[in-house]
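Structure first, then comments.
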Amino acid sequence: MISNLPQDFSPILVQFLLALGFVIFTIIITHVLGPRLKSKQKEDPFECGIESEGDARTPLSVRYFLIAILFVLFDVEIIFMYPWAVNFKSLGWFGFIEMLTFVAFLMAGFYYIVKKGVLDWERD
Amino acid sequence: MYPIISLSVTGLLTLFLGFSENKKIVFPASIAFLLIALATAFIDWNAPGFYFNDMLQVNNTSIVFWAILIISAILIMGFSEGFERFEFAQPAEYFAIVQFSLVGAIMMVSFKNLIMLFLGIEILSVAMYVLTGADKRNIRGNEAALKYFLMGAFATGILLFGMAMFYGATGTFNIGSGVFIGGDNSFFLWIGCTFMLIGMLFKVAAAPFHLWTPDVYEGAPTIFTAYMSTIVKTAGFVALFKVLSTTFSGLQDFWWIMIAVLVTLSLMIGNIGAVSQNSFKRLMAYSSISHAGFMLLALLGDHENALGSIMFYSVVYTLATISAFGVLMVVSKERIEKGRVYEQNDLFKGLAQNNGFLATVLIIAMLSLAGIPLTGGFWGKFFVFRDAASSGLFWVIIMAVLMSAIAIYYYFKPVLLSMSKKTSLESITINPLAKFIFAITTFGTIVLGIFPWILRSLF
Chain G
1068 MISNLPQDFS PILVQFLLAL GFVIFTIIIT HVLGPRLKSK QKEDPFECGI
1118 ESEGDARTPL SVRYFLIAIL FVLFDVEIIF MYPWAVNFKS LGWFGFIEML
1168 TFVAFLMAGF YYIVKKGVLD WERD
Chain B
24 MYPIISLSVT GLLTLFLGFS ENKKIVFPAS IAFLLIALAT AFIDWNAPGF
74 YFNDMLQVNN TSIVFWAILI ISAILIMGFS EGFERFEFAQ PAEYFAIVQF
124 SLVGAIMMVS FKNLIMLFLG IEILSVAMYV LTGADKRNIR GNEAALKYFL
174 MGAFATGILL FGMAMFYGAT GTFNIGSGVF IGGDNSFFLW IGCTFMLIGM
224 LFKVAAAPFH LWTPDVYEGA PTIFTAYMST IVKTAGFVAL FKVLSTTFSG
274 LQDFWWIMIA VLVTLSLMIG NIGAVSQNSF KRLMAYSSIS HAGFMLLALL
324 GDHENALGSI MFYSVVYTLA TISAFGVLMV VSKERIEKGR VYEQNDLFKG
374 LAQNNGFLAT VLIIAMLSLA GIPLTGGFWG KFFVFRDAAS SGLFWVIIMA
424 VLMSAIAIYY YFKPVLLSMS KKTSLESITI NPLAKFIFAI TTFGTIVLGI
474 FPWILRSLF
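So the protein lines, in turn, are chains G and B.
Okay, so the first sequence: first residue is 1068 according to our numbering, each after it adds one.
Okay, so the second sequence: first residue is 24 according to our numbering, each after it adds one.
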């Protein structure tokens, strides 16, 4: 029996308050407990390794973003494949054909961007 | 249901056609694909049914809307000339995105489940964000696309939040399944109703969710502005109608006042805002806000008639808008300033002397948008006023009539400019396909103005 009175949503509120409380608690407690040492080196974004140089807002090649987007494609594919794999037996041939259709559409898109030259780093 | 499958597959095919040696093939192929989709739409004629686990409802009404959407897309794409004039164009991608966006629009007019509505709105919107920025090197286009995307993403978030509230209150995403209204959960239902309305009214550019409209309409390439103002509006209003007339019909006492206020605001902001616009596209953007107000009027009345009125209004609005933007496209490409096409109102100066055919098309489109008798626009307004009158909301109607009087002023600005003696243009070339489309839209506007029952009797 699904009941959906306002009080049935109270666990969500409790969870929200808990999450908020945890964040506030951590922020305050690190300020109170943590030892403080301030120096120029400490303020650097990276304390060790190569010294940082220039501005963070230099233009990057768009290819990095394209690769990132390409990753999302496979990420989404995997997300759909896990539940399918778990229910593989009960879904049977119907599930298999549905999955094939899904992968076919996905691969069509993948083939398209490869042909467009997304993985081609040398081009112009 | 078949056009969804057909358009998804042909959309992919169109993408790959872009790799072929012969670039000219993409345009005729896309039109052929759209015609195939139109043909497949009628497979389900007189065979109503439910698809995808009862998430889509197909009946003759939805098929009529599919046909309207696909035909509008064909008419608009006819002006593209294969995007040969576009710099850095990717015609195959534009045509593919148009086909994919139609899938979204089709889902919006035939959903039975809020998940499908959300999916449809998203497919259509994402395609629109991309097409708005289609002219990659135009800084105004980029600005418009970014603005549209950010605002649209927030509107979608609000819509989704409303759906979640609706689900919390009713325990179902299905619309029209005898939702229990009242009791303790009605509070959540109110929130859900309000937020879903906000999300959808943003998409149809009703005030006060209209702020993106002028900038986006101006920045986007004209052909996609035409697409945006016709397809998105038609699909959006059908979706609004479906939600309000089924699930939320029991809440009418709650939402009618919101809609009435929105109608008044849209009409005032749209019509008064349009008066001082110099850019023709901004003028059309404000006019589209005011037309959103007129179409919302239909929702205030009796739901038996409302869908017919919305259908009629969206058809006449679509025909007139395609004519107006089409004339702008044909004329503006003759006058390039600073590397961009010139799109101010005074572009039309002396058009009647220069090219009588284009001037006639423009004048009839403007008359129809203003709602002058013997054009379709008059009957469109008449039907929505009659709907609103049936529920006795006379203050809204008086407001609407006053505002359509203001509308005549700014719709006549391009008309009067086109009548003036001085011409600023060389001779204008129209290709035969554009001429054919102008003939269809103008003829349609006049036929619907004289025999409105041709279309009304469909419902």
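Just so it is clear, CB atoms sit at the ideal spot from N, CA and C, and this is done for glycine as well.
Between residue i and chain B, is any beta-carbon pair separated by less than 8 angstroms?
i, result
"P1161 of chain G", "A quick correction: the sequence has Phe, not Pro, at residue 1161 of chain G. Chain B contact via Cβ: absent."
"K1182 of chain G", "yes"
"F1076 of chain G", "yes"
"P1126 of chain G", "no"
"P1150 of chain G", "no"
"P1073 of chain G", "yes"
Using a 10 Å radius around the Cβ and a threshold of 16 neighbouring Cβ atoms, would you call residue i buried or exposed?
i, result
"K404 of chain B", "buried"
"S60 of chain B", "A small fix is needed here, since residue 60 of chain B is Ala in this sequence, not Ser. Classification for A60 of chain B: buried."
"N378 of chain B", "buried"
"W402 of chain B", "buried"
"M307 of chain B", "buried"
"K436 of chain B", "buried"
"T85 of chain B", "One point to set straight first is that residue 85 of chain B is Ser, not Thr, in the sequence displayed. With 16 or more other Cβ atoms within 10 Å, it is buried."
"E1110 of chain G", "exposed"
"D1122 of chain G", "exposed"
"I108 of chain B", "Here the sequence assigns Arg to residue 108 of chain B, which means Ile is not the residue at that position. Exposed is the call here."
"E1120 of chain G", "exposed"
Which residues in chain B have a C-beta closer than 9 angstroms to the C-beta of residue i? List them in chain order.
i, result
"I1175 of chain G", "The question names Ile, yet the displayed sequence has Ala at residue 1175 of chain G. By Cβ distance, chain B contributes L35, L38, F39."
"Y1131 of chain G", "Ordered by position in chain B, no residue passes the 9 angstroms Cβ test against Y1131 of chain G, which lies about 19 angstroms from the chain."
Specify, as a first and last residue, the run of the alpha helix (DSSP H) that residue i falls within.
i, result
"Q275 of chain B", "275-298"
"F435 of chain B", "417-442"
"G1088 of chain G", "1077-1100"
"L370 of chain B", "Run containing L370 of chain B: none; DSSP gives neither H nor E here."
"K361 of chain B", "Premise fails: K361 of chain B is in no alpha helix (DSSP H) and is neither H nor E."
"N377 of chain B", "374-377"
"N454 of chain B", "Run containing N454 of chain B: none; DSSP gives neither H nor E here."
"E1165 of chain G", "1155-1183"
"G105 of chain B", "From DSSP, G105 of chain B is part of no alpha helix (DSSP H); its letter is neither H nor E."
"R1209 of chain G", "Outside the displayed range of chain G (1068 to 1191) lies residue 1209 of chain G, so it cannot be described from this structure."
"T155 of chain B", "137-155"
"W476 of chain B", "476-479"
"I59 of chain B", "49-64"
"H314 of chain B", "303-323"
"R409 of chain B", "399-413"
"I162 of chain B", "162-193"
"G331 of chain B", "326-355"
"S268 of chain B", "256-268"
"M223 of chain B", "209-226"
Would you verify that the beta carbon of residue i is, or is not, closer than 8 angstroms to some beta carbon of chain G?
i, result
"G215 of chain B", "no"
"F42 of chain B", "yes"
"A141 of chain B", "Going by the sequence as given, residue 141 of chain B is Phe instead of Ala. Chain G, which has no Cβ nearer than 8 angstroms to the Cβ of F141 of chain B, makes this no."
"F210 of chain B", "yes"
Taking the beta strand (DSSP E) that residue i belongs to, which residues open and close that run?
i, result
"Y79 of chain B", "A small fix is needed here, since residue 79 of chain B is Leu in this sequence, not Tyr. Residues 79-81."
"F42 of chain B", "Premise fails: F42 of chain B is in no beta strand (DSSP E) and is neither H nor E."
"Y74 of chain B", "72-74"
Which chain G residues sit within Cβ distance under 8 angstroms of residue i?
i, result
"F459 of chain B", "Within chain G, no residue comes near F459 of chain B; the closest Cβ sits about 33 angstroms away, beyond 8 angstroms."
Tell me, to the nearest whole angstrom, how far the beta carbon of residue i is from that of residue j; I am working on the premise that it is less than 8 angstroms.
i, j, result
"I451 of chain B", "V353 of chain B", "6 angstroms"
"I561 of chain B", "L319 of chain B", "Residue 561 of chain B lies beyond the stretch modelled for chain B, which goes from 24 to 482, so this question has no answer here."
"Y250 of chain B", "L154 of chain B", "7 angstroms"
"R163 of chain B", "F335 of chain B", "Wrong, their Cβ atoms sit about 35 angstroms apart, outside the cutoff."
"T468 of chain B", "A388 of chain B", "7 angstroms"
"A178 of chain B", "F225 of chain B", "4 angstroms"
"R305 of chain B", "P237 of chain B", "5 angstroms"
"A315 of chain B", "A228 of chain B", "5 angstroms"
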